[in-house]
Amino acid sequence: MTIRVALIGAGVMGADHARTLTSQVPGAELRIICDADAERAAVLAAELEVQSVSADPQAAIADKAIDAVIVAAPDAMHKELIFAALAAAKPILCEKPMAPTPQDCVDIIAAEVKRGEQLIQIGYNRRFDPAYWEMRDTWKAAGLGEAIMFHGFHRNVSAPPWFDSNMAVTNSAVHDFDIARWLLETEIVSVHAFRPAMFANGGIGSPVFLVCQAASGQLVNIEVSNNAAYGYDVRGDLVCRNGTVSLRPPVNSELCTNLQNSISYPADWRPRFVNAYRLQLQGWIRSIHKGKPEGASAWDGYAASACAAAGLKSLASGQAEKVELIAKPSLYGK
Ligand SMILES: NC(=O)c1ccc[n+]([C@@H]2O[C@H](COP(=O)([O-])OP(=O)(O)OC[C@H]3O[C@@H](n4cnc5c(N)ncnc54)[C@H](O)[C@@H]3O)[C@@H](O)[C@H]2O)c1
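Numbering (the numbering used here), first residue to last: -2 to 331.
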């Protein structure tokens, strides 16, 4: 059976997902491209030879010729589109963050629990990144013992003008909260957020430094620098009792010239996580075929957004703030 997919949002991420889905994901067909910008949807549909375009996401999701939905529309739209997919009983891969506030996420979880099956996957793509898998496998296989600390670095070249100071936490750091939870197999229980003194008043792309405590005792620190200037760069060190595993971004070539050796950085996240996005889409389609969820669940989406809320609260209070979570419904396992 071929899974017929509607894409909602044909911008940077949506177009990337569409190209990957149509070229590298067996068992799926992209049937509808939907975007508020009809011209953008039409151009992408022509490039990929997709049958239908739409400017009405609700109609695209409800369409009987559609089996599953990818949402790559702006963050503020995710909740209503997830609700539409749940109402139509269709699996949905929704870009992160799941929803703007923890309460929105709780509402989504309640709706999915009421349906009684996991239909929601959140696009926390790092869970599909071979570098993070290797980090976790190496930690487990190399006899490094207990993990003690995880250091994460999340750097972009420059923040767009609409990227307000909260988004370093609600839009960027959510990836880091999620991957720390995944790696350490635990919840984050508190977040203490700091800004360098020269960015005390925030501003577009101002950096943030977050110190988190995990339920199983580890410390996690996360640097987000959206105006790092030099390139898109994600780093990580997992410090264990008997050694440390450091993430190495995929590097296919080095330049050696003039007595120097250098590598290049990508301009944004797409080249860095190209394999993760492909594996995520392949995993999502496989999960629909098999009826077995993969990747980040609605619970994981909620937990990351709850960490972000604690981070924002901490920036305002200047203190460490608890991550408040509801009891985990059995639908999402232990
Ligand atoms: N997983 C990742 O690594 C990653 C990276 C970047 C962005 N994202 C997430 O992906 C999502 C999209 O981000 P982007 O950078 O592609 O944004 P974008 O602005 O490039 O694209 C968003 C698209 O949604 C369309 N849109 C807006 N309102 C709409 C509506 N009512 N109906 C249909 N379409 C509508 C816009 O016209 C635009 O084409 C965001 O939630 C963002 O947080 C994830």
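Note that beta-carbon positions come from the ideal geometry of N, C-alpha and C, so glycine has one too.
- In this structure D101 is buried. Its beta-carbon is surrounded by 16 or more other beta-carbon atoms within 10 angstroms.
- Scanning the segment 174 to 230 from its first residue to its last, no whole alpha helix (DSSP H) run of 4-plus residues comes out.
- For the pair of segments examined, the segment 239 to 256 was found not to touch the segment 85 to 101: the number of CB pairs separated by less than 8 Å stays below three.
- Annotation for T241: the continuous beta strand (DSSP E) segment containing it runs G240 to S243.
- In terms of Cβ geometry, S169 and A307 do not form a close pair [threshold 8 Å].
- Contact between R28 and A7 is ruled out by a C-beta separation of about 14 Å, above the 8 Å threshold.
- Taken from the Cβ of I67, every heavy atom of ligand 1 lies 7 Å or farther away.
- Within 10 angstroms of the beta-carbon of L312 lie 16 or more other beta-carbons, which makes it buried.
- Its chain contains no residue whose beta carbon lies nearer than 7 Å to that of E182 once the 5 sequence neighbours on both sides are disregarded.
- Under the criterion of beta carbons closer than 8 Å, W266 and Y229 qualify as touching, at roughly 6 Å.
- Around F191, the same chain offers F206 as residues with beta carbons nearer than 6 Å, after the five sequence neighbours per side are excluded.
- Inclusion of V231 and R269 in the CB contact set at 8 Å is warranted, their separation being smaller than that value.
- When the five nearest sequence neighbours on each side are left out, the beta carbons in the same chain lying within less than 6 Å of the beta carbon of D234 are those of H148, T241 and S243, in order along the chain.
- One thing to note: I5 has its Cβ no nearer than 8 Å to the Cβ of Y299.
- Scanning the segment 48 to 129 for uninterrupted beta strand (DSSP E) segments of 3 residues or longer gives 49 to 51, 65 to 68, 89 to 91 and 117 to 119, listed from N- to C-terminal end.
- DSSP, reduced to helix, strand and coil, places V236 within a strand of the structure shown.
- Judged by their CB atoms, A52 and K76 are not nearer to each other than the 8 Å cut-off.
- E44 is not bridged by DSSP to any residue.
- Around the C-beta of W136, 16 or more other C-beta atoms lie within 10 Å, and the residue is accordingly described as buried.
- Taking the C-beta atoms as reference points, F160 is found nearer than 8 Å to G202.
- CA-to-CA, the gap between R238 and M74 works out to about 43 Å.
- Judged by their CB atoms, V68 and C91 are nearer to each other than the 8 Å cut-off.
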